[in-house]
Every structure is written in C-alpha cells, then in structure tokens.
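Scroll down for the structure; my scribbles are underneath it.
Protein chains: 2
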Amino acid sequence: MNKLLIVGTVAFDAIETPFGKTDKILGGAATYIGLSSSFFNVDAAIVSVVGEDFPETYLDLLIDKGINIEGIEVVKGGKTFFWSGKYHNDLNSRDTLITELNVLADFNPVVPEAYKTSDIVLLGNLHPLVQAGVLDQMTQKPKLIVLDTMNFWMDCALPELMSVIARVDVITINDEEARQLSGEYSLVKAAEKIHAMGPKYVVIKKGEHGALLFHNKEVFFAPALPLEEVFDPTGAGDTFAGGFAGYIAQSENVSFDNMKNAVIYGSNLASFCVEKFGTERMEQLEKKEVYARLQQFKALTQFEIELEH
Amino acid sequence: MNKLLIVGTVAFDAIETPFGKTDKILGGAATYIGLSSSFFNVDAAIVSVVGEDFPETYLDLLIDKGINIEGIEVVKGGKTFFWSGKYHNDLNSRDTLITELNVLADFNPVVPEAYKTSDIVLLGNLHPLVQAGVLDQMTQKPKLIVLDTMNFWMDCALPELMSVIARVDVITINDEEARQLSGEYSLVKAAEKIHAMGPKYVVIKKGEHGALLFHNKEVFFAPALPLEEVFDPTGAGDTFAGGFAGYIAQSENVSFDNMKNAVIYGSNLASFCVEKFGTERMEQLEKKEVYARLQQFKALTQFEIELEH
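These protein sequences, in sequence, are chains A and B.
Residue 145 in numbering that gives the first Met the number 0 sits at position 146 of the first sequence, with consecutive numbering throughout.
Residue 104 in numbering that gives the first Met the number 0 sits at position 105 of the second sequence, with consecutive numbering throughout.
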C-alpha cells in the first residue's frame, strides 16, 4: 500500500453560511485532506499540531478512518488553531471573522520515521516554510509532491512560497490565486507562467465551476457536480486535493491520463463535502456513494460524436 | 436536408473591448446564428429586417454561406438596428452605450412559404411577440423549437415571454437570466422551475464556465474551451445556439443523447467566435478547424476510470 504524507492544519472552525451557523467544530486543511484520502486504499499520515484543548474524539475519528496521527503533536497547555468565517449569500466569497494561530505560531513539523519514505506528499495550506520543512525531512524522493496554497502566503511570504513551489510536481490553487500568482487574467496563460515556476502539473480550482488540470500544452477539465443546494463550502478545496492525492497514491500511477481520473475523484469528493456543515458529510460518507456519484460524473461529461467529414 | 428556420436581429454593432474598438460592423443574433449553423449540412433561412443602409455585401456574405435570406425584409428609407456596447476588463460584463431600434420597432416577421414546414425553428433573441408571431406562421409542427432570450424581456415583457416559453422544446439562457426567471440561485433548482414553464430541455450558458443541459433529472455539461485570449464575447451565445440547432438539424435526431453532442458543437463554435472582433472569425472559419477543435473538446473532457469495489 502506498504511503501518503499529509501536512496541514488540524483545527477548530466556526462557520456561518446563509443556512445557519456552527459553534467550534472540527476543521483544518489536513483534516479534510485526510478524510478525503481515506476513501482510497492508502497508508496516510498527518503531520500537524493541536493544543491540549483538542478533543480526543476528533483524533479518534481520524484513527477510525485509518489515518496515522503519530505526527500530530499535542502541545501541553496550548490552544488549537481557530478560524471563524462568514460566507456571503452566493457562497462564492467569505469574510474571515477570527484567526487565532495559537499553537500553529511555533509549529515545527516532525515527520514520523516510517513516513520519511512516503510515495506521495501533499503539502496542505500552511506557511511555506513549514511546507519546505517537511520536504527537507524526506529521506527518499517522493514519486509526487502536491502543493496546495492560498493568496494569504502570496501577500506575506512570497519568496518562501516561490521557493517551495519550485520543489513540487503539482500545485493546486484557485482561479483568483492563479491570476494573482502569475499576473495573467487568462487561466491558460496563468498556468503557463506557473509551470515555469516549477510544477509540471497545475490544477486550477474554480469552485462551483470545476477544475482545470494543465500539463505542458495539454489541458483537462473536471466539472463540479451541479447540486440542488450547497450548504457550506468550507474544506471543499482541501477535500478536492485529498481526493486527488489519495487516488494517485492508490493507483500508483503519476501519468497525466491518470491525473485526469484524480481530478474527477477530487471533484467527486468535494461535491459531498459541501452538502453539510464542516466535516459532517465526509465523516458519514460511504464508498458506494462515491462510486454512484462517479457514474453521475460520467453521465455529466461523456459524449459520443462521430465525425462526418 | 433538414430545414432550419432562424428568426432574430440582423444589425450593426459597434464594440469596445480592452483590446480595441470597432466602427459599425455586421452584427445581430440571427447573423451569428446563421453563420454558426452554416457549418452543418442544413437548409437554413433567416427571418429578419434591415434598413436601406444595410450593405449588400453583408447580405451576400449570408448567401455565400448558403443561408436563404428571402425572409430578410429590407425597409425602403429605413435604418438598420444598431447596438453599441463596451466590455469591462474581465469581459464578463458590459455596458450598453447605444440601442437604436430603427426598423426593428415595427418588425412584422414574414416566414417564407418554403420554410413554414421547417423541421427546426430557432427563435433568436427578440421581442417575444415577434418570436410568437413566427411560430404562428408554421403550417406543420416543427420537430424542435429552440428559444433564446435575455433578461431585457424578463424586465419589460414577462407575460409575453412566459407565453412563448410555454410553446418551445428547448430554452437557452445564461446563468444570471436563469436565476432571474426562476427566482432560484441554484442552477439545478432554476432548471427545474423553467422545465415546469414548458421547455423539456433547459440549456444554461455560463460563458467562460461552459454550459449545462438539463432534461428531467438528467444533466450534461459542455465546458468552454480554455483560451489564451478572449478578444470579443459579442455573439458567443448566439453562435452557441446556432451550433446547437445546426447540429440537431443536420443529425435529424432530437434525443437527449444527441443534444449532448449539440451543446459540445455549440461550445466548439462559440470558442472560435470570441477569438476576433464581431463576426470576423466565424466568416473565415473552416470545417477542418471545427473538427480539430472537437478533438480538443474530447481531450478536455473524456476520462477512463475503472471502478474498484
């Protein structure tokens, strides 16, 4: 079984959408990535940090999903990273209400010995120096390194971000971030410029409008599944990345053709994530639901045209 | 050869985009629809009206493309409909600068005798009473009636619009218009409500984000081709509708599965339309380019996942 190493936040979120609001619930990029990747036959481990206030039940949940949590440091007397946000009516934008870094401020990631030879590494959204710190600990070159990041790091740690971007095979970012990073409005041109920064594969996430996978002059598109209701977009991008990396780890195939399948699976899993608040839907999700939705993705996109010249 | 009847404007446009501006050039919904449908093996005719100021060369262009113009009335001493608009930097929105209805104000469509038994009717964007007036002249029930419309008619002629919507098989509108018409934000719910107004098929155009085809509980998605540069979006929606109707007319097949192909062709042709100002690209476009781009659409969307249970 291939090893998948995940680094990212494990955190508390408090979320408000037009459909309601939550108290502090389980959140964090690595949480969503881990839950998503657990639908595949992989040996996944999370490297992260939480405070002493972090409930044992949340850690048990990850263990139940088969995720190794040896690399999640619990800081005695420390408080867990907390994020609170409120989504606007169209759910396409949000305001951050509270960000308390807490134990994340001094996070020094330690990769468990057994995962220093991981086949796939997914660097979830975190300070680029932390992401680089994880790569530095690998004792064997991974088959694939995937980086997820966001505009925050472009604004306040661009040189460090550029340095880690140069070391990865795949970058996943959203459309606005791709435009900011590249200075190009056209996503085709943006992807070209980001290629030139290092990553051989560029995945641009467009939320409800799907995701584009670029590799040299090739491009593949995975739509988002049209849904009756989007409840809470929190974690959708991380879930996408987790499905992408999980599928690749399971299939042990880093070809472009297989990455097409991976973005379809990423989109598939993300379509569940948004159906309930926080991680709720992902916790309950069953494999047969994912397979059924895969048929919906096929029906949504596959066509047969015979050329008549 | 199947007959395709097109009603819509044949007009002058003056366009400004971030890439430049034009003088009065050839425009109008029926013009774009006609040019787009001419890539298929169909017997197409346009019903429209122009003024005496409309250049003979523009009419010759339509004739050269094999389009019957018997139904384009030339009003002696009249002036042709003129629209002028300016696109914003992202090309996703525009301001209308000038609208001179001119001869369109008193337009009374007359369907040529030979096209009163057309197989496919495409009602391009126009006053819904004019669209209804064309349907009233059909002496034989068409195999498929396609309606394209816009928010302007929702604002100022809603009862008339609802009445013509109830008479058509397919409606094509953009996402914002679908939301306005249905009062639903979710496009899935919007499509359901619009189904209930009459059309068995609902096509929601999302511009650079592709198009959705709904039929009962089924849905199909045609992406827009990711382009390096979009020069001028004018006419893209009409070109989409023309490709859709042209392909269906050629293939003589109004099944849902064949409509999937039709939206792919619509998206294909629209991707050319935006590459140059006005109708320029569509005038020069060759069939082999359309076929080559069809391969790009396949590469963009087709995937092979084997299920592992």
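Using N, Cα and C, we set each Cβ at its ideal position, and we do this for glycine too.
A/Ser-83 has A/Ala-13, A/Ile-97 as its beta-bridge partners, per DSSP. Cβ neighbours of B/Val-145 within its own chain (closer than 6 Å, five residues either side excluded): Leu-121, Val-169, Ala-244. The residues Asn-267, in chain order, have a CB closer than 7 Å to that of A/Leu-293 in the same chain once the five nearest residues on each side in sequence are set aside. B/His-194 has a beta carbon lying at 8 Å or more from every beta carbon in chain A. Neighbours of A/Ala-298 in chain B, taken as residues whose beta carbon is under 9 Å from its own, are Glu-217, Val-218, Phe-219 in chain order.
In the DSSP assignment, B/Thr-56 falls within the unbroken alpha helix (DSSP H) covering 55 to 63. When the Cα atoms are used, A/Glu-159 and A/Trp-152 turn out to be separated by approximately 9 Å. When C-alpha distances from B/Phe-296 are compared across B/Leu-103, B/Phe-271, B/Thr-278, the shortest belongs to B/Phe-271. Residues of the stretch 260 to 274 of chain A with a C-beta atom less than 9 Å from some C-beta of chain B are Asn-260, Val-262, Ile-263, Tyr-264, listed in chain order. Here A/Pro-225 is near B/Leu-186, since their CB atoms are less than 8 Å apart. By the neighbour-count criterion, in which a residue is buried when 16 or more other Cβ atoms sit within 10 angstroms of its Cβ, A/Leu-157 is exposed.
Secondary structure at B/His-126: coil, using DSSP grouped into helix, strand and coil. Take the alpha-carbon of B/Asn-260 and the one of A/Gln-301: they are about 10 Å apart. No residue range can be given for B/Leu-284, since it is assigned to no alpha helix (DSSP H) and is classified by DSSP as neither H nor E. Put simply, the CB of A/Pro-222 is near chain B, with a gap under 8 Å to one of its CB atoms. For A/Ala-165, same chain residues with a beta-carbon under 8 Å away, outside a window of 5 residues either side, are Met-196, Gly-197 in chain order.
Taking all protein chains shown into account, A/Gln-249 has 16 or more neighbouring C-beta atoms within 10 Å of its C-beta and is therefore buried. Residue pairing from DSSP places A/Asn-67 in a beta bridge opposite A/Ala-44.
According to DSSP, B/Thr-171 shares a beta bridge with B/Asp-147, B/Val-202.
Counting C-beta pairs closer than 8 Å gives three or more between the stretch 26 to 44 of chain A and the stretch 1 to 11 of chain A, which meets the contact rule. Counting C-beta pairs closer than 8 Å gives fewer than three between the stretch 104 to 120 of chain B and the stretch 85 to 93 of chain B, which falls short of the contact rule.
By the beta-carbon neighbour count (other beta carbons within 10 angstroms, threshold 16), A/Ala-240 is buried. Rounded to whole angstroms, the Cβ separation of B/Leu-34 and B/Lys-64 is 6 Å, and the two are in contact under 8 Å.
Rounded to the nearest whole angstrom, the CA to CA distance from A/Glu-279 to A/Tyr-200 is 31 Å. If you draw a straight line from the Cα of B/Tyr-31 to the Cα of B/Ile-62, it is about 14 Å long. Going by beta carbons, B/Asp-231 and B/Ile-14 fall inside the 8 Å limit. DSSP links B/Val-120 through a beta bridge to B/Leu-4, B/Ile-144. B/Lys-188 has a beta carbon lying within less than 8 Å of a beta carbon in chain A.
Around B/Glu-279, no beta-carbon contact reaches into chain A at under 8 Å, the shortest distance being about 20 Å. Residue nearest to A/Glu-72 within the set A/Gly-50, A/Glu-55, A/Asp-59, A/Thr-56 is A/Gly-50 (criterion: CA-CA distance).
Below the 7 Å Cβ cutoff, chain B contributes Pro-225 as neighbours of A/Leu-211, in chain order. When secondary structure is reduced to three states using DSSP, B/Lys-192 falls in the helix class.
Rounded to whole angstroms, B/Thr-98 and A/Phe-276 show a C-alpha spacing of 47 Å. Under the three-state reduction of DSSP, B/Phe-296 is assigned to helix. Taking 8 Å as the cut-off, the Cβ atoms of A/Ala-210 and A/Val-262 count as close. With a 10 Å radius around the Cβ and a threshold of 16 neighbouring Cβ atoms, B/Pro-54 comes out exposed.
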